[in-house]
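Each remark here refers to the structure printed beneath this line.
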Amino acid sequence: MLPKNLLQYHLVGNNIVPHYLTERDHPWLREVVEAFRHLVDQPVRAWEERKAAGWSVCGPEGKRQMAIGVLERLAKMRPMDGPIRPKQARQVVFAAAEHHRADVHGRAKAMQEAAGQLSVSVAQLEQILFADLAAQRILTLDDELPDCSTLAERVNLALVQGLLNRSLHVDIRLRGNARAVVRQVHLRRLIAVARPLGPDAVSLEVSGVYSLFRRTTVYGRSLASILPVLGWCDDFALQAQIALGKREGTLTVGPDAPIGRGRTPTKYDSKLEARFARDFARQFPDWVLVREPLPLEVDGTLVFPDFELSHRTDNQRFLVEIVGFWTADYLTQKVGRLSRAGRSDIVLVVDEARCAAAAELAPQLTVVPFKRSIKPSEVMAAFRSMVPRKTKVVHRSILLRDLFVDFAGRHSPTDSIHDRLAMLQPQQEVVLERRQNRVLVVDSSGPVAALSRAACVRHADIIDGNIVVRVTRKTHRQAEQSAPRYRGLLQCSQWWVPELEIVATSQC
């Protein structure tokens, strides 16, 4: 992305015409590239001197400066290697100079003395002395210099990116593989609205850098990153309103613009998202994180959630939306669209500084605050809190083997328990009550039966829960049916024993 002072263009009415590099510029461009290549691994000063010396091949000076600007951004500048640090060398030289201040040949003598102290030659000391200054740093390249055609495309791309960095508003129409661009817009956290235009055709309305309350370099770079991806579409048309001092101009870029095509967009374009995806996969291996969920159509616009999280074995799934760059209007619109999406499974993840505003705009949405990193456990907890819990229903039968069958028989024939048992009807509801060390079956008037100790253990998981107990039938029992060793405890010869059904409900 070129700075303002290097941008080359002219106006036709209000239309901005960029000064693209073409094949006609290759002769002078080749001279610049070869000069730069020759001075790689040399001090920056040598490159500055070469530029000041002028060029033998004529060419538009404005275009040449754009190309030089792009070339210089391809290079790195490292400090000159040396046995001694420049700061240390200067300290020794300045100390030696104090001894020879009054001498006409004081500098030469001071350098000779300092070189001796540092065990280097005077020539080496001259190089070391100011090696940490910018002009003395060494030009280096990590990759080979591009050829003229590739460099021209990079210059043209940087030119358009530099103009977009002064944009107020950007409209993009995409057809064919539009999702790649929409995804890049979304990954870069740009303030944008996507509207469907037809099958695999989308209109994007993107807020420009100059529309923000505070212009940021990060947002400008994010906006500039759209351009290389446009080439992945079958067709596109970009139109942007550009702030040009006191006036505005319209920039139009189409598929014929010589800006080249970038690499395939990366899966994650921010460390925040990549870290969240990694941490979520580690903490919740039974869940699948989908990076490109289907968009939601709301009020004629498309909303692209960041993630869809789905369980591997059941139908549980929910969407996660992470709020990036924003203005007050954008936050209002975005949260409003999400709240009107008619989905109850959206978790909105917002920087804690903006969380209160988001929660106030859409209290019906589940908002999770984060600071620097997103905690998967908090996102999952938010999802589970907003999804209705499933009701688990368990049916248990309480048969004779589950009952203390002699319970009523150990009461005298005149005890009211026998009247209650006689009146007990099938489907009548009773309750289970813990009394001391027993679980009794009780109707509205009092106990009618008791569970065996084994049954108390077997059904302990539901006895104290949310249960409904009904009588299924009554069995007439005789004293001689009891074990001989217990008959002496009986007080009557016959009695009723109710069998039961328990319906237990729980949330899971």
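Add 1047 to a position in the sequence shown, counting from 1, and you land on the number used in the working numbering. The C-beta atom is built at its ideal place from N, Cα and C for all residues, glycine as well. Just so you know, these numbers come straight off a predicted model, no measurement behind them.
Checking the DSSP bridge columns, you'll see residue 1358 partnered with 1334. Residue 1519 and residue 1547 do touch by the CB rule: their CB atoms are close to 6 Å apart, below 8 Å.
By a beta-carbon distance limit of 8 Å, residue 1220 contacts residue 1250. Their separation comes to about 5 Å.
Rounded to whole angstroms, the Cβ separation of residue 1416 and residue 1323 is 14 Å, and the two are not in contact under 8 Å.
The shortest C-alpha to C-alpha distance from residue 1479 to any of 1489, 1471, 1179 and 1204 is the one to 1489. Beta-carbon to beta-carbon, residue 1370 and residue 1352 are separated by about 12 Å, too far to satisfy the 8 Å threshold.
The three-state secondary structure of residue 1494, taken from DSSP, is strand. Under the Cβ criterion (8 Å, minimum of three pairs), the region 1135-1143 counts as touching the region 1156-1164. Minimum Cα-Cα distance from residue 1065 among the listed residues 1412, 1296 and 1101 corresponds to 1296. One Cα belongs to residue 1393, the other to residue 1108, and the distance between them is close to 54 Å.
Within the same chain, and ignoring the five residues on either side of residue 1091 in sequence, the residues whose Cβ sits closer than 8 Å to its Cβ are 1124, 1181, 1182, 1183, 1184, 1185 and 1186.
Residues 1255 and 1288 of the same chain have their beta carbon placed closer than 6 Å to that of residue 1216, with the five preceding and five following residues left out of the count.
Annotated as distal: residue 1198 and residue 1049, with beta-carbon spacing of 8 Å or more. Here the C-alpha atom of residue 1270 lies approximately 24 Å from the C-alpha atom of residue 1193. By the neighbour-count criterion, in which a residue is buried when 16 or more other Cβ atoms sit within 10 angstroms of its Cβ, residue 1239 is buried. Distances from the alpha-carbon of residue 1463 to those of 1496, 1431 and 1449 put 1496 closest. Residue pairing by DSSP places residue 1488 opposite 1479 and 1496 in a beta bridge. Within the model, the alpha-carbon separation for residue 1508 versus residue 1441 is close to 11 Å.
Contact annotation, residue 1079 with residue 1118: C-beta distance approximately 7 Å; criterion of less than 8 Å satisfied. Nearest to residue 1325 by alpha-carbon distance, out of 1420, 1384 and 1528, is 1420. If only uninterrupted beta strand (DSSP E) runs of at least 3 residues are considered, those enclosed by the region 1207-1244 are 1214-1222.
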